[in-house]
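In what follows, a structure is listed as structure tokens, so that the remarks can point back to it.
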Ligand code: JFZ
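Residue numbers (the working numbering): 1193 to 1656.
Below you can see the structure in the form of structure tokens.
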């Protein structure tokens, strides 16, 4: 009898184990919350190019208020504290913008598909900028798009769905230090008027900032991870502050690490905190700052298409597509990414000059993006005419030469310090094969009579 019971029990256990294994195998991985495997940063290098969006209450005035425009700089998202009004726009008046915030033409699919068509692989948006206004229905404050505006829609939720639909990775800019909309948040560390002698903005006490930190900052970061499962955060500081102590930085990093095993953290979570580079996942340069050399740790530059991050009615300084491409390629050749900013208009649409540039970049990326996505940084040397990336192939290595400055009539293209003569040299876009010759300083390429791409022509070298 005992023998029989044992056999039955054994079989039951085996059956349970097998069933359980099939159940686990059958679960849709996206529901299984499988631990993030492999290299956490792998997708970062594969992506190289992302969209940055500045959108919020500041989009209502778009840089101009009561006929006046900005003070310190062109940053329209700073109108609350920079305008040439004593101490910026009074808080009560600024909050009135919430009643006018109604981007009726906002369409998440349109935004994300424009990013995808431009060759962008990830999407970063100001979930909460310095003004403290949240683009999602946060439970810890009524100062948000659902509770405080006639628009009443969860903008981040709609964008998260569109990112999933188009296979674009979602990230959030979160202003963890400056928060002009909640008691205890830090205020700008300078007088409100651009160069005036206005009184310093009133800063919170240590206790007041702690209250903001515990009641707003940490809970909102938790909400953003819990609600939308972002692939990365872009926290924002730019100078030393008494509020963002090393302890607070460590606390916020630990908070994110506890809540998500995939969410990346950037270095602007702190400013010049000794060893911060080792504690975060990627380095953020200062705005529109493009390093002139290789940086080993994953890094990025965030840049504007004109001068302002938020849409500015009077900012017509649109950068040419060639300059935007150069930023992207230069960074990639030095192991960096490029987050190109759009400031959508108050109606929720992208400015026409932005759309034009996105489409021009996208057309170019369609043909030449293979030399950027997942490519290794320049293995040869910095060149005068442009930049180099490389990719390992089965038989050897393929070098991508991004030529922005086409040599004069009849001149060849000197690839300085290139030791090997390539087996094959051709124009990526046209397939035209080019002749080369070894010279003392490297390899010289005989160029086609007509420059294939006025912005940037890519030439590939197959090196055994
Ligand atoms: C910060 C924000 O203040 C700004 O509104 C925007 O979001 C940008 C991406 O990040 O801007 C700064 C602030 C200070 C410096 C650079 C960018 N700085 O001192 O170099």
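Positions of the beta carbon are idealized from the N, C-alpha and C atoms, including for glycine. Note that this is a predicted model, so its numbers are computed, not measured.
What first and last residue would you give for the beta strand (DSSP E) that runs through residue 1493?
That run of the beta strand (DSSP E) goes 1491-1495.
In this structure, how does DSSP classify residue 1519 when only helix, strand and coil are distinguished?
Residue 1519 falls in the helix class under three-state DSSP.
Kindly provide the ranges of any alpha helix (DSSP H) runs that are 4 or more residues long and lie completely inside the segment 1400-1444, ordered along the chain.
1410-1420, all fully within the segment 1400-1444.
Alpha carbon to alpha carbon, what distance is there between residue 1231 and residue 1312?
About 21 Å.
Considering only residues of the same chain and omitting the five flanking positions on each side of residue 1350, which have a CB-CB separation below 6 Å?
Cβ neighbours of residue 1350 beyond the five flanking positions: 1300.
Which residues mark the beginning and the end of the alpha helix (DSSP H) in which residue 1343 is found?
Residue 1343 -> no alpha helix (DSSP H), and no H or E assigned at all.
Could you spell out the range, first to last residue, of the beta strand (DSSP E) harbouring residue 1636?
Where residue 1636 is concerned, the enclosing beta strand (DSSP E) stretches over 1634-1637.
If you reduce the DSSP assignment to three classes, tell me which class residue 1220 lands in.
Low per-residue confidence applies at residue 1220: pLDDT is 39, beneath 50, and the placement is therefore not dependable, though the value from the model is reported in the following sentence. Looking at residue 1220 - three-state DSSP - the assignment turns out to be coil, as it is neither helix nor strand.
Taking the alpha-carbon positions, what's the residue 1219 to residue 1416 distance?
Confidence is the limiting factor: at residue 1219 the pLDDT is only 33, short of 50, which leaves the residue's position unreliable and the question unanswerable from this model.
Whole-angstrom Cβ separation of residue 1506 and residue 1261, contact assumed at under 8 Å?
The pair is a contact, with the Cβ atoms about 6 Å apart (cut-off 8 Å).
Using C-beta distances below 6 Å, list every residue in its chain close to residue 1215, excluding the 5 sequence neighbours before and after it, in chain order.
In this predicted model, residue 1215 has a pLDDT of only 40, less than 50, meaning its place in the structure is not dependable; the value taken from the coordinates is given anyway. So the list is empty, once near-sequence residues are dropped.
Which residues bound the alpha helix (DSSP H) around residue 1306?
Element bounds for residue 1306: 1300-1309.
Pick from 1567, 1393, 1503, 1584: whose alpha carbon is nearest that of residue 1544?
Looking at the Cα atoms, 1503 is the closest of the given residues.
Compute the distance between the beta-carbons of residue 1335 and residue 1325, then report whether it is under 8 Å.
Cβ distance < 8 Å, so residue 1335 and residue 1325 count as in contact.
On the DSSP letters alone, give me the boundaries of the alpha helix (DSSP H) that residue 1286 sits inside.
1283-1287 is the span of the alpha helix (DSSP H), which, as asked, contains residue 1286.
Which class does residue 1557 belong to by DSSP, given the choice of helix, strand or coil?
The answer is helix: DSSP assigns residue 1557 an H, G or I state.
Using a Cβ-Cβ cut-off of 7 Å (strictly less than) and excluding sequence neighbours within five positions of residue 1395, which residues of its own chain qualify?
So the qualifying residues of the chain are 1378, 1379.
Please determine whether the Cβ atom of residue 1393 lies at a distance below 7 Å from any heavy atom of the ligand JFZ.
Checking the Cβ of residue 1393 against the ligand JFZ gives no.
With 16 other CB atoms within 10 Å as the buried threshold, where does residue 1611 fall?
By the neighbour-count rule (16 or more Cβ atoms within 10 Å), residue 1611 is not buried but exposed.
Can you look up residue 1641 in the DSSP assignment and give me helix, strand or coil?
DSSP places residue 1641 in coil when its eight states are reduced to three.
Let me know if residue 1430 comes out buried or exposed under the rule of 16 or more other beta-carbons within 10 Å of its beta-carbon.
The residue in question, residue 1430, is exposed, as its Cβ has fewer than 16 Cβ neighbours within 10 Å.
What number of angstroms, rounded off, separates the C-alpha of residue 1596 from the C-alpha of residue 1484?
Their backbone Cα atoms lie some 16 Å apart in a straight line.
Which residues mark the beginning and the end of the beta strand (DSSP E) in which residue 1237 is found?
Careful: residue 1237 lies outside any beta strand (DSSP E), inside the alpha helix (DSSP H) at 1234-1239.
Note down, one range per segment and in chain order, each alpha helix (DSSP H) of at least 4 residues found wholly within the segment 1537-1585.
For the segment 1537-1585, whole alpha helix (DSSP H) runs of length 4 or above, ordered along the chain, are 1544-1560.
So the candidates are 1559, 1496, 1486; which of them puts its Cα closest to the Cα of residue 1579?
Checked all of 1559, 1496, 1486; the closest Cα to residue 1579 is 1486.
For residue 1326, which residues does DSSP report across the bridge?
In the DSSP output, where bridge partners are listed per residue, residue 1326 has 1320, 1336.
Can you tell me whether residue 1525 is helix, strand or coil according to DSSP?
Note: residue 1525 maps to coil in three-state DSSP.
Using DSSP bridges, identify the partner residues of residue 1654.
DSSP output for residue 1654 lists 1590, 1616 as bridge partner(s).
Helix, strand or coil for residue 1487 per DSSP?
Reduced to three states, the DSSP call for residue 1487 is coil.
Identify the continuous beta strand (DSSP E) that holds residue 1629 and give its terminal residues.
Where residue 1629 is concerned, the enclosing beta strand (DSSP E) stretches over 1628-1631.
Quick check: does the Cβ of residue 1246 come within less than 7 Å of any heavy atom belonging to the ligand JFZ?
Answer for residue 1246: yes, Cβ within range of the ligand JFZ.
What are the boundary residues of the beta strand (DSSP E) that residue 1471 is part of?
Careful: residue 1471 lies outside any beta strand (DSSP E), inside the alpha helix (DSSP H) at 1468-1471.
Quick one: what does DSSP say residue 1505 is sitting in, helix, strand or coil?
Correct three-state label for residue 1505: coil.
In chain order, what residues of the same chain lie with their CB nearer than 7 Å to the CB of residue 1213, ignoring the 5 residues before and after it?
Bear in mind that the predicted position of residue 1213 carries a pLDDT of just 43, short of 50, making it unreliable; the figure below should be weighed with that in mind. So no residue of the chain qualifies.
So is the beta-carbon of residue 1501 under 7 Å away from any non-hydrogen atom of the ligand JFZ?
Residue 1501: yes, Cβ under 7 Å from the ligand JFZ.
Could you check where the beta strand (DSSP E) with residue 1607 kicks off and where it finishes?
It spans 1605-1608 - the beta strand (DSSP E) in which residue 1607 sits, taken as one unbroken run.
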